Structure formats: C-alpha cells, structure tokens
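Novice: Under the numbering used here, the first residue of the sequence shown carries the number -19, and numbering increases by one thereafter. Each residue gets a CB set at the ideal place from its N, CA and C atoms; glycine is no exception. Keep in mind the model is a prediction, meaning the values are calculated, not measured.
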Amino acid sequence: MKEDYSKIEVTCSLVPQSFDELKSRELALVLKAKQARVTSHSPYSNYSVGAALLLGNGEIVSGSNQENAAYPSGLCAERTTMFAAGALYPGVNFEVLAVAIPDTAENLPSPCGACLQVMAEYQFKQESPLKILLIHPREDIVYVADKLQQMLPFAFNQSHLPKK
Ligand code: THU
-19 MKEDYSKIEV
-9 TCSLVPQSFD
1 ELKSRELALV
11 LKAKQARVTS
21 HSPYSNYSVG
31 AALLLGNGEI
41 VSGSNQENAA
51 YPSGLCAERT
61 TMFAAGALYP
71 GVNFEVLAVA
81 IPDTAENLPS
91 PCGACLQVMA
101 EYQFKQESPL
111 KILLIHPRED
121 IVYVADKLQQ
131 MLPFAFNQSH
141 LPKK
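#1: How many angstroms separate the CA atom of SER(-2) from the CA atom of ASP(-16)?
#2: Can you tell which of GLU119, GLU1, PRO23 has the C-alpha that lies nearest to the C-alpha of ALA49?
#3: What residue ranges within the stretch 55 to 103 form continuous beta strand (DSSP E) runs of no fewer than 3 residues, ordered along the chain?
#4: Near ligand 1, which residues have their beta-carbon less than 7 Å from any of its heavy atoms, given in chain order?
#5: Does DSSP classify LEU7 as helix, strand or coil?
#6: Straight-line CA distance for GLU1 to LEU88?
#7: Measuring alpha carbon to alpha carbon, tell me which of TYR51, ASN26, VAL76, SER25 ends up nearest GLN106.
#8: What residue from LYS(-13), VAL(-5), GLY30 has the CA that sits closest to LYS127's CA?
#9: Please state whether DSSP places HIS140 in a helix, a strand or coil.
#10: Could you please give the first and the last residue of the uninterrupted beta strand (DSSP E) stretch that includes ILE115?
#11: Just to confirm, are SER42 and ALA32 a CB contact at a threshold of 9 Å?
#12: Could you tell me the alpha carbon to alpha carbon distance between PHE13 and PHE104, rounded to whole angstroms?
#13: Is ALA100 closer than 9 Å to ARG17 when the C-beta atoms are compared?
#14: With GLN(-3) as the anchor, note down where its beta strand (DSSP E) starts and where it stops.
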C-alpha cells in the first residue's frame, strides 16, 4: 500500500453528568423525555422509550416509540420525535435530544443505527452540533454525547454523494 495512506482512528465518548450539574433547560428536557414514555405504543416489545428534543427556537418536541403488528412498520422514539419536530418547525435547529427507557432496563439507552443516521442528517444540514443525553434508567445521571460524532463517527451524509 502507498505510504501516504494512514490509519483512520477515532475515539467515541459518553460523559456522565448528574442531574444536579445539568442546565435547567436540559433538566426540563430530561423530565419531558421520561414523561413521554407513557405515550409509547409498545405492546410487542414492552419496551417503552421516550424522547424529547430541544429546538433552537426554545420549543421542546417529545415523542415515543410507536410499534405495529407488522413489526417493521413501527418507529423508534428518537425518529418519531425528530420527524415530528422537522415537520412542525421546518428549518429550526435541533440542539439537544434526550432519550429515556424503562427503569427496569439493564443498560443505558442506545439509539439504533437508523436513528443515529437520522440525527446525522439533521446535524449535517444545520452545521451545528446535536447534543445527545442518554438518561440512566435508575440513577439521576445522563450520559452525554456533545455531538453526534461521539456516537456515529463515520456517518454517511450528503457530502458523500456525487455533486448534482
Ligand atoms: N427503540 C426506541 O424507540 N429507541 C431506541 O433507542 C431503541 C429501540 C424501540 C423500538 C421498539 O419499539 C422497541 O424499542 C424495542 O426495540
């Protein structure tokens, strides 16, 4: 291999923060995401997920996972929320997305690849970071990704497509 090709290596990180350390608007967002779980339609998985998105205009849009008897027709909480926000407030930046899961869960929330890809689309479009708060299921702690790259460093975006 030619010498001018070098290894591409990135480090992803999620930083824990206690609720006490959060700004008041982020704490409000966390509480909204937790509340949004009650709107989940998840009779098939019994795993209710809530999400809340803080927008650049100060609005908060929340959502939850919506399942379907035809399983692939359902949608995760994160995408339900982002698509609702995109439709309600076109052109307004997505600033912070909080995700909540059942308090019986063993692990932290972990947005699926498709949801991360949708986050990548909006972050790329707005040219400013989308912060992600993963709410611990039992402790008053969030794990923070200050931009999407901390969770999906090699996202596909429109810059990869041929010029029109
Ligand atoms: N789900 C979400 O809503 N968000 C995630 O981050 C992971 C999974 C949903 C999809 C499905 O309704 C249920 O959780 C089980 O996969």
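Specialist: On the basis of the coordinates in this document:
#1: For the purposes of this step, residue -2 is taken as residue 18 along the sequence shown, with counting starting at 1. For the purposes of this step, residue -16 is taken as residue 4 along the sequence shown, with counting starting at 1. Cα to Cα, the separation comes out at about 44 Å.
#2: Along the sequence shown, read from residue 1 onward, the residue named residue 49 stands at position 69. Among GLU119, GLU1, PRO23, the Cα nearest to that of ALA49 belongs to PRO23.
#3: 74 to 80
#4: SER22, SER25, TYR27, VAL29, ASN45, GLU47, GLY54, CYS56, ALA57, GLU58, VAL79, PRO89, SER90, PRO91, CYS92, CYS95
#5: For the purposes of this step, residue 7 is identified with residue 27 of the sequence shown, where counting begins at 1. Correct three-state label for LEU7: helix.
#6: Counted from its first residue, the sequence shown places residue 1 at position 21. Counted from its first residue, the sequence shown places residue 88 at position 108. Each residue's Cα considered, the two are about 19 Å apart.
#7: Residue numbering aside, residue 106 sits at position 126 when the sequence shown is read from its first letter. Ranking TYR51, ASN26, VAL76, SER25 by Cα distance to GLN106 puts VAL76 first.
#8: Position 147 of the sequence shown, counting from 1, holds the residue named residue 127. The option with the nearest alpha carbon to LYS127 is VAL(-5).
#9: Against the sequence shown, residue 140 aligns to sequence position 160. Correct three-state label for HIS140: helix.
#10: Looking up residue 115 in the sequence shown gives position 135. Counting along the chain, the beta strand (DSSP E) containing ILE115 begins and ends at 111 to 115.
#11: For the purposes of this step, residue 42 is identified with residue 62 of the sequence shown, where counting begins at 1. For the purposes of this step, residue 32 is identified with residue 52 of the sequence shown, where counting begins at 1. Yes; because the gap between Cβ atoms is below 9 Å, this pair is in contact.
#12: Numbered from its first residue, the sequence shown carries residue 13 at position 33. Numbered from its first residue, the sequence shown carries residue 104 at position 124. What sits at residue 13 in the sequence shown is Ala, not Phe. Whole-angstrom Cα-Cα distance: 24 Å.
#13: Start at 1 with the first residue of the sequence shown, and residue 17 comes out as number 37. Start at 1 with the first residue of the sequence shown, and residue 100 comes out as number 120. Not closer than 9 Å, so no.
#14: What you label residue -3 is simply residue 17 of the sequence shown in a count that begins at 1. GLN(-3) -> beta strand (DSSP E) spans -5 to -2.
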